[in-house]
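> Can you read through this structure? Questions will come right after.
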Amino acid sequence: MIDTVSKKEATSFSNRVADFTIAHRKLLTLFAVLTSILLTTGIIRTNFDTSLEALLTESDPYLDELLLMDEAFPAPLQIQFAFVAEGSDTVFNSELLAAIDDLRDNYSAIPFADRITTILDYVSPETQSRLFIKTLRSYSEEDLDELADTALADRLLTANLLSDDAALTFAIINTDSDGISADDRLDIATAVVSLRDELSSRHPNVQVLANSDVMLEQSSQQAMVDDLTNLMPFVILACVLAICYCFRSATLGICILTHTLFTLLCTIGTLGYLGFSFNSISVIAPLVLVIISVANSVHIISIYKQAMHRGAAKIYAMHESISHNFQPVSLAALTTAIGFSSLNMCSSPAVQDFGQIV
């Protein structure tokens, strides 16, 4: 008897929800659109966190050791440019040395660049003599060969700026990294890539490479953006096409597409307003949201189509679908939220963020 009363109360509440939704569908649609537009503006606040702290828990002993090392031995942000000689040649050739000299003249284009160290400025701490004592134009090929022999005999030089076979040399740029922000680090990475490309274009016969922590952060962030902008549309399109094929209706596919896009934009915008930052793990959360959104839409559409096949009008078919699906869809959403909330028990902050976003 109690079960019967409970079922009637639940059915009555579901019917009231369906009645309210159908009766005020235009007003609710307008409210949803305006709210979605407002929340979508938060997308411009979206941030990405590529730091190691986003992956390691605060109780991780490795993270503590890393912080202790940073405090005991603070190291400035460094940018390494590598110049590679072709074939059996060495870096002591006029064209490659000219590229190094070009970098020395233009490295200040990198934000916060403080100083540069190259073989052109090298002074031996043992003999207190400079490796290059004349302008580059003054050296003949024979002179450069002699310099190569001298450089290879210098143990400190071959351990820092020069390879053992003199086929590769480094130019190290130190930056004034105190107090720089995440945006500043990305600006540095962009400037490094731009300068590397300019050097390669001005010296096409010289292989110029660049490496730095900021470039790794930039590539990681770009990979996250690519996941959101390339993989996401593919997943949405695949889901919509499957719905269109199964239900034989392009209109329903467009409805699901609209619902999914609104859900996605609102979620990302809300995260932007709340100050959440995407990391390499939580960036897949929007994909999960797409799947959940499509699954909920399919429940509504399936009952709606069944009622339509029985001859019910569109309004009554949607009323029946909402009244039948309100409980199961709400329960599914609740259990899904509980499941992903349990990820907050994980030790990794990145996994915790993933669960919180979903």
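Sequential numbering of the sequence shown, starting at 921, is according to the numbering used here.
Every residue, glycine too, gets a C-beta built ideally from N, C-alpha and C.
(1) Terminal residues of the continuous beta strand (DSSP E) containing residue 1092?
(2) Shortest alpha-carbon distance to residue 961 belongs to which of 1202, 986, 1192 and 1203?
(3) Kindly indicate which residue of 1102, 1200 and 941 has the alpha-carbon position closest to the one of residue 1144.
(4) Answer with buried or exposed for residue 1320, where buried requires no fewer than 16 other C-beta atoms within 10 angstroms of its C-beta.
(5) Contact defined as beta carbons within less than 8 Å: I believe residue 1123 pairs with residue 1019. What is the distance between those atoms, to the nearest angstrom?
(6) Count the C-beta pairs between the region 1236-1256 and the region 937-949 that are closer than 8 Å, then say yes if the count reaches three, no if not.
(7) Run through DSSP, which three-state label would residue 1126 get?
(8) In chain order, what residues of the same chain lie with their CB nearer than 6 Å to the CB of residue 967, ignoring the 5 residues before and after it?
(9) Distance, Cα to Cα, residue 1257 vs residue 1215?
(10) Applying the 10 Å Cβ sphere with the 16-neighbour rule, what's the burial state of residue 923?
(11) Residue 1036 bridges to which residues according to DSSP?
(12) What separation, rounded to the nearest whole angstrom, lies between the Cα atoms of residue 1164 and residue 1170?
(13) Reducing DSSP to helix, strand and coil, say where residue 1157 ends up.
(14) Examine the Cβ distances between the region 1042-1059 and the region 999-1007 and report whether three or more of them are shorter than 8 Å.
(15) What residue range is occupied by the uninterrupted beta strand (DSSP E) comprising residue 1003?
(16) Quick one: Cα of residue 1223 to Cα of residue 1250, how far?
(17) Which residue wins for smallest C-alpha separation from residue 1108, given the options 998, 1031 and 1221?
(18) Identify which residue in 992, 1055 and 1221 has its Cα closest to the Cα of residue 1168.
(19) Please state whether DSSP places residue 1012 in a helix, a strand or coil.
(20) Excluding the 5 residues preceding and the 5 following residue 1128 in the sequence, name in chain order all residues of the same chain whose CB lies nearer than 7 Å to its CB.
(21) From residue 1084 to residue 997, what distance separates their C-alpha atoms?
(22) Using DSSP with H/G/I as helix, E/B as strand and the rest coil, what is residue 1278?
(23) Buried or exposed: residue 1137, going by 16 or more other Cβ atoms within 10 Å of its Cβ?
(24) Output the distance between the C-alpha atoms of residue 1095 and residue 990, rounded to the nearest integer angstrom.
(25) Within this structure, are the beta carbons of residue 1202 and residue 1277 separated by less than 8 Å?
(26) Go ahead and pull the three-state DSSP assignment for residue 1050.
(27) Give the DSSP-derived three-state secondary structure of residue 1181 in the structure shown.
(28) For a test of the three-state rule: what should DSSP assign to residue 1136, helix, strand or coil?
(29) On a CA-only basis, which of 1029, 1260 and 1160 is nearest residue 1172? Give me that one, please.
(30) Do you know how far the Cα of residue 1140 is from the Cα of residue 1011?
(31) Please report the distance separating the alpha-carbon of residue 1055 from that of residue 1114.
(32) For residue 1260, tell me which candidate among 1063, 1100, 1212 and 937 has the shortest Cα-Cα distance.
In terms of the structure at hand:
(1) Start and end: 1088-1095.
(2) Per the Cα distances, 1192.
(3) For residue 1144, the nearest C-alpha among the options comes from 1200.
(4) Nothing can be reported for residue 1320: it is not among the residues displayed for the chain, which extend from 921 to 1278.
(5) That belief holds up - the Cβ atoms of residue 1123 and residue 1019 are roughly 4 Å apart, short of 8 Å.
(6) Output reads yes: the region 937-949 touches the region 1236-1256.
(7) Coil, per DSSP.
(8) So the list reads 1197, once near-sequence residues are dropped.
(9) Approximately 15 Å, taken between the alpha carbons.
(10) Reliability fails at residue 923, whose pLDDT of 45 lies under 50, so the model's placement of it is uncertain and no value is given.
(11) Under DSSP, residue 1036 shares a beta bridge with 1093.
(12) Roughly 5 Å between the two C-alpha positions.
(13) In the three-state DSSP reduction, residue 1157 falls in the helix class (H, G or I).
(14) Flag = no, the region 1042-1059 and the region 999-1007 do not touch.
(15) Per DSSP, residue 1003 belongs to the beta strand (DSSP E) from 998-1004.
(16) Answer to the nearest angstrom: the Cα atoms are 16 Å apart.
(17) Ranking 998, 1031 and 1221 by Cα distance to residue 1108 puts 1031 first.
(18) Ranked by how close their Cα comes to the Cα of residue 1168, the residues 992, 1055 and 1221 have 1221 in first place.
(19) For residue 1012, the secondary structure class from DSSP, reduced to helix, strand or coil, is coil.
(20) Excluding sequence positions up to five before and after residue 1128, its CB lies within less than 7 Å of the CB of 1001, 1003, 1019, 1116, 1119 and 1120, all in the same chain and listed in chain order.
(21) Approximately 26 Å between the Cα atoms of the pair.
(22) Residue state for residue 1278 is assigned as coil, using DSSP reduced to three classes.
(23) Flag for residue 1137 reads buried.
(24) If you draw a straight line from the Cα of residue 1095 to the Cα of residue 990, it is about 16 Å long.
(25) Cβ atoms of residue 1202 and residue 1277: closer than 8 Å.
(26) Annotated three-state conformation of residue 1050 is strand, per DSSP.
(27) DSSP places residue 1181 in the helix class (H, G or I) of the three-state scheme.
(28) Of the three classes helix, strand and coil, the one that applies to residue 1136 here is helix, per DSSP.
(29) Residue nearest to residue 1172 within the set 1029, 1260 and 1160 is 1160 (criterion: CA-CA distance).
(30) Residue 1011 and residue 1140 have their C-alpha atoms spaced approximately 32 Å apart.
(31) Straight-line Cα distance between these residues: approximately 27 Å.
(32) Nearest Cα to residue 1260 within the set 1063, 1100, 1212 and 937: 1212.
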